[in-house]
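Note sheet for the following structure.
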Amino acid sequence: MNKRFIIEIMLLLAVVAGLWSCYDDKGNYDYKNLISLQIDTLGIKAEQTAYQFENFNVPVEVKYAGDEKNLSYEWKIYPQDPKKDDDVQKYDSAVVLYTKAVFDTIIYEVPGAYYLTLTVTDNVQDLKEYFTMKLNVETLVSRGLCVMDEKNGLYDLNIIKSAKLLTDITASEEQVYYHVYSGVNDTEVTNGKFLGRGTYSDNNVLYFFTENGGLKLDVNTYEIMSNDFTSWFSFPMSVTAAPEAYVITSRPLEMIVTNGLVYVWDHRSMGVTTCGDRLDGDYKAAPYLPNISTSSFSSVIFDMKNKRFAPINQFGSNVGTFESTSTGEFDLNDIGSTKELKFMENGFNSYTYAVFYDTETSGYSLYVMDFSGATATPVKKYSMADCEGLTESSLYTFGNQGNVCFYASGSDLYQYKYASTNKGAVVHSFSGETITGVEVFKNSGHAKDGKLLIVSTESGGEGKVYLIDFNELTGAITGGTADPYTGFGRIVDVLYKE
Numbered sequence: 048m049n050k051r052f053i054i055e056i057m058l059l060l061a062v063v064a065g066l067w068s069c070y071d072d073k074g075n076y077d078y079k080n081l082i083s084l085q086i087d088t089l090g091i092k093a094e095q096t097a098y099q100f101e102n103f104n105v106p107v108e109v110k111y112a113g114d115e116k117n118l119s120y121e122w123k124i125y126p127q128d129p130k131k132d133d134d135v136q137k138y139d140s141a142v143v144l145y146t147k148a149v150f151d152t153i154i155y156e157v158p159g160a161y162y163l164t165l166t167v168t169d170n171v172q173d174l175k176e177y178f179t180m181k182l183n184v185e186t187l188v189s190r191g192l193c194v195m196d197e198k199n200g201l202y203d204l205n206i207i208k209s210a211k212l213l214t215d216i217t218a219s220e221e222q223v224y225y226h227v228y229s230g231v232n233d234t235e236v237t238n239g240k241f242l243g244r245g246t247y248s249d250n251n252v253l254y255f256f257t258e259n260g261g262l263k264l265d266v267n268t269y270e271i272m273s274n275d276f277t278s279w280f281s282f283p284m285s286v287t288a289a290p291e292a293y294v295i296t297s298r299p300l301e302m303i304v305t306n307g308l309v310y311v312w313d314h315r316s317m318g319v320t321t322c323g324d325r326l327d328g329d330y331k332a333a334p335y336l337p338n339i340s341t342s343s344f345s346s347v348i349f350d351m352k353n354k355r356f357a358p359i360n361q362f363g364s365n366v367g368t369f370e371s372t373s374t375g376e377f378d379l380n381d382i383g384s385t386k387e388l389k390f391m392e393n394g395f396n397s398y399t400y401a402v403f404y405d406t407e408t409s410g411y412s413l414y415v416m417d418f419s420g421a422t423a424t425p426v427k428k429y430s431m432a433d434c435e436g437l438t439e440s441s442l443y444t445f446g447n448q449g450n451v452c453f454y455a456s457g458s459d460l461y462q463y464k465y466a467s468t469n470k471g472a473v474v475h476s477f478s479g480e481t482i483t484g485v486e487v488f489k490n491s492g493h494a495k496d497g498k499l500l501i502v503s504t505e506s507g508g509e510g511k512v513y514l515i516d517f518n519e520l521t522g523a524i525t526g527g528t529a530d531p532y533t534g535f536g537r538i539v540d541v542l543y544k545e
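Using the working numbering, the letters of the sequence shown correspond one by one to residues 48 to 545.
The following block contains the structure:
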């Protein structure tokens, strides 16, 4: 046998002996089996809503084979978007809310977006298990359909929490909260006009506009933050407090029309905290501000003085002039001296829709414009001669998912099929009630975007709100005409708050 083979045999025997000694030597080690620990979250939503000052429950099940006395529990909450306080050098730390397995306690956190985490610790085995969920803390009136109504000359705000609008609640959980503004502030408004919503981080407010000014309210509590309308402008002495329209664009710009003049707050401008001086130009703006938000325009006004459409550029720095389109369907610069604008908003294909009344012929026309591109284009002009029931006080709204238009006169709701038959006919009558508002619900990404019609009515001073389902392509009504929300005064305006 050669020496190399003998050496290899000796090495192999040494390895085997070493392994056997390891197997046989138990030393001072503890070889107990670890007791299993698990947090069962079956059926628990990953994102939920809790209401401030209300009890909230998260029924997790902690599965543990050992003695539960060995376990400790810690529920912590911390902001999804952590903020650093001005007087400290670190971000807010997580706050311990609860120390039992099933979370079941009152939420006191201010409204906002949070993470809620559970840590279960086995103190004997030094094991930890974790569970994290998103928690949106709101007040009971943070989200829903805000309704401005009027009773005996006094205006108030109410909130409808409908399952059609708030997809995280069921029909059995629906609520209506009345007199929210007056109840919170112990005061009333005598001249309410319309609502607006500032959504930028440095001006996250609910606007309660009045005939001669307005209020800024906290979006969650409805507390008054400001009641000095002219202080919202850089040159308050030059502002006539008579608000008529409001919009916030995607830049974002906030625009207010007051007394026929346009004022803009550009939130991208460093250090700017109010609306600037009125936009220069020879114009008198109608009370409509469609949200255009393209690379060319931020909005378009109808100039009642010069009977023309006029662009506001993407920076909100001036009221400009469109090139003449006299060779097209109509001239954007000259609609005609006898034309009066009755309504204007954005709709299907991102087009802008405007209804005009001709004081000379007593006829109505629909003008469709495309302001979504680099240049403005007149798309089509429709005669509304075959629309039943039109009056000077008719109300209008246009769909954004199809060629759909609804209008209302008296107790009758009509559909105007401008793109097909060019006729308008009654689709539903609210017997004994007068329609005071119609609006297609538009909210990008929402399941009901362009598929829900909000109708308000009045009878004997009592207001009702109907949330009517319709086919977004054809306009056919599919439900919601028989189950209104009641208990309001005359309804002046509605606004979806999310």
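Positions of the beta carbon are idealized from the N, C-alpha and C atoms, including for glycine.
Quick caveat, the model's predicted, so the values are computed rather than measured.
In its own chain, which residues sit with a C-beta less than 7 Å from the C-beta of residue i, not counting the 5 before and 5 after it?
{"i": "N338", "result": "V294, T296, S346 and N393"}
{"i": "Q95", "result": "M180 and L182"}
{"i": "K331", "result": "G307, D350, M351 and K352"}
{"i": "P158", "result": "Q99, V184, E185, T186, S189 and N267"}
{"i": "G363", "result": "L300, M302, V311, D313 and S345"}
{"i": "S248", "result": "none"}
{"i": "D459", "result": "G436, V473 and S476"}
{"i": "S68", "result": "For S68, the predicted model reports a pLDDT of 49, less than 50, meaning its position is unreliable; a value from the coordinates is still stated below. There are no such residues."}
Give me, in chain order, the residues of the same chain whose beta-carbon lies closer than 6 Å to that of residue i; leave out the 5 immediate sequence neighbours on both sides.
{"i": "N102", "result": "I153"}
{"i": "D417", "result": "Y398, T424 and V426"}
{"i": "G243", "result": "Y254 and Y293"}
{"i": "R325", "result": "L308 and Y310"}
{"i": "H226", "result": "D203"}
{"i": "Y228", "result": "D203, L204 and Y269"}
{"i": "N104", "result": "D151"}
Under 8 Å by Cβ, that's how I've got residue i and residue j pegged, so tell me the actual separation to the nearest angstrom.
{"i": "G328", "j": "N365", "result": "7 Å"}
{"i": "G318", "j": "P290", "result": "At roughly 25 Å, the Cβ-Cβ gap does not stay under 8 Å, so G318 and P290 are not in contact."}
{"i": "G420", "j": "T341", "result": "7 Å"}
{"i": "Y543", "j": "N490", "result": "6 Å"}
{"i": "F403", "j": "S409", "result": "12 Å between Cβ atoms; not a contact."}
{"i": "F356", "j": "L379", "result": "5 Å"}
{"i": "S281", "j": "T321", "result": "5 Å"}
Measuring alpha carbon to alpha carbon, tell me which of the options ends up nearest residue i.
{"i": "K147", "options": "K386, P106 and K470", "result": "P106"}
{"i": "R537", "options": "D496, T481 and G526", "result": "T481"}
{"i": "L253", "options": "A289, I206, S219 and E221", "result": "I206"}
{"i": "F603", "options": "Y224, E545, L213 and L204", "result": "Nothing in the structure corresponds to residue 603, since the chain is present only between 48 and 545."}
{"i": "G527", "options": "N518, L514, E519 and G534", "result": "L514"}
{"i": "F517", "options": "G508, L500 and S506", "result": "L500"}
{"i": "P299", "options": "K331, T268 and G245", "result": "G245"}
{"i": "Y414", "options": "V266, A466 and V502", "result": "A466"}
{"i": "L118", "options": "L89, G90, Q85 and I91", "result": "Q85"}
{"i": "E519", "options": "Y532, K498, K511 and Y310", "result": "K498"}
{"i": "G522", "options": "T504, P531 and Q462", "result": "Q462"}
{"i": "K263", "options": "F241, L81, N447 and P358", "result": "F241"}
{"i": "K123", "options": "V142, A112, K116 and E115", "result": "V142"}
{"i": "D439", "options": "K386, K428 and K511", "result": "The identity of residue 439 in the sequence shown is Glu, whereas the question assumes Asp. For the residues K386, K428 and K511, the minimum Cα distance to E439 belongs to K386."}
{"i": "V541", "options": "G508, S503 and G534", "result": "S503"}
{"i": "Q172", "options": "A210, T321, K428 and I82", "result": "I82"}
{"i": "V512", "options": "V485, D87, I524 and S229", "result": "V485"}
{"i": "D547", "options": "E270, S281 and L336", "result": "Absent from the model: residue 547. The displayed extent of the chain is 48 to 545, so no value can be given."}
{"i": "M272", "options": "N259, N250, S281 and T525", "result": "N250"}
{"i": "N396", "options": "G446, N170 and A160", "result": "G446"}
{"i": "L169", "options": "A210, C193, N104 and Y111", "result": "Note that residue 169 corresponds to Asp in the displayed sequence, not to Leu. When only C-alpha atoms are compared, the closest one is Y111."}
{"i": "Q127", "options": "A160, F369, I216 and V223", "result": "A160"}
{"i": "V167", "options": "D87, D433, A529 and P129", "result": "D87"}
{"i": "F535", "options": "S316, Y177 and G508", "result": "G508"}
{"i": "P531", "options": "A432, G510 and V539", "result": "G510"}
{"i": "V471", "options": "K175, L165 and C434", "result": "Looking at the sequence itself, residue 471 is Gly, so the reference to Val does not match. Comparing Cα-Cα distances from G471 to each of K175, L165 and C434, the minimum goes to C434."}
{"i": "K428", "options": "L442, A93, Y443 and A401", "result": "A401"}
{"i": "V304", "options": "F390, S430, P283 and I348", "result": "I348"}
{"i": "T422", "options": "Q448, Q361 and S430", "result": "Q361"}
Closer than 7 Å to a non-hydrogen atom of the ligand HEM - does that hold for the CB of residue i?
{"i": "V188", "result": "By its list of ligands, the structure shown contains no ligand whatsoever, and the ligand HEM lies outside what it can speak to."}
Verify the CB distance criterion: does residue i have a CB-CB separation below 8 Å to chain C?
{"i": "T305", "result": "Absent here is chain C; the protein component of the structure consists of one chain."}
Might you give, ordered along the chain, the residues of its own chain that have their beta carbon closer than 8 Å to the beta carbon of residue i, omitting 5 neighbours on each side?
{"i": "A494", "result": "T214"}
{"i": "S140", "result": "Y125"}
{"i": "S478", "result": "S458"}
Quiz item: Should the segment 273 to 280 be called in touch with the segment 182 to 200, which here means at least 3 C-beta pairs below 8 Å?
Solution: no
Quiz item: Just checking, does the segment 445 to 458 make contact with the segment 364 to 384 on the three C-beta pairs under 8 Å criterion?
Solution: With contact defined as three or more Cβ pairs closer than 8 Å, the segment 445 to 458 and the segment 364 to 384 are not in contact.
Exercise. At 4 residues or longer, and completely inside the segment 196 to 234: list those alpha helix (DSSP H) runs for me, N to C.
Key: 227 to 232
Self-check item: Completely contained beta strand (DSSP E) runs for the segment 476 to 506, where each covers 3 or more residues
Solution: Listed in chain order, the complete beta strand (DSSP E) runs (minimum 3 residues) inside the segment 476 to 506 are 481 to 487 and 499 to 506.
Practice problem: Just list the beta strand (DSSP E) runs in the segment 271 to 315, keeping only unbroken ones of 3 residues or longer that don't cross its boundaries, in chain order. | Solution: 271 to 273, 290 to 295, 300 to 305 and 308 to 313
Quiz item: Quick one: complete beta strand (DSSP E) runs, 3+ long, within the segment 313 to 358?
Solution: Residue ranges of uninterrupted beta strand (DSSP E) with 3 or more members, entirely inside the segment 313 to 358 and ordered along the chain, are 344 to 350.
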